[in-house]
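Encoded as structure tokens, the structure appears first; notes follow it.
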Amino acid sequence: MAKKKSKSAFSAIATASRSEAAEAVHFARKCGLTPDEALRLMREAQVTPELKSPDGGKRKR
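When you line the sequence shown up against my numbering, it's residues -17 to 43, in that order.
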């Protein structure tokens, strides 16, 4: 019989806001991740500064 995986004592989902946790769970199910992995990815994406276009933000028409 296979051994059970040990669960971490601390979960980032428990400390997340209600809406953030719900979004992370939805994203995790959609992408096949654990809720903790999804929350980590979402938080990393928020911290990353947005890339600026090389022409100073002006769009070509």
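Positions of the beta carbon are idealized from the N, C-alpha and C atoms, including for glycine.
Quick caveat, the model's predicted, so the values are computed rather than measured.
**Asked** alpha helix (DSSP H) containing Lys12: first to last residue?
**Response** Unbroken alpha helix (DSSP H) run through Lys12: 0 to 13.
Handout entry: C-alpha distance - Ser(-7) paired with Glu2, whole-angstrom precision
Key = Computed Cα separation, rounded: 14 Å.
Taking buried to mean at least 16 other C-beta atoms within 10 Å of its own C-beta, is Ala20 buried or exposed?
Its Cβ being crowded by 16 or more others within 10 Å, Ala20 is buried.
*Rounded C-beta distance between Ala6 and Met24? I'm assuming under 8 Å.*
Indeed they touch by this definition, with Cβ atoms about 6 Å apart.
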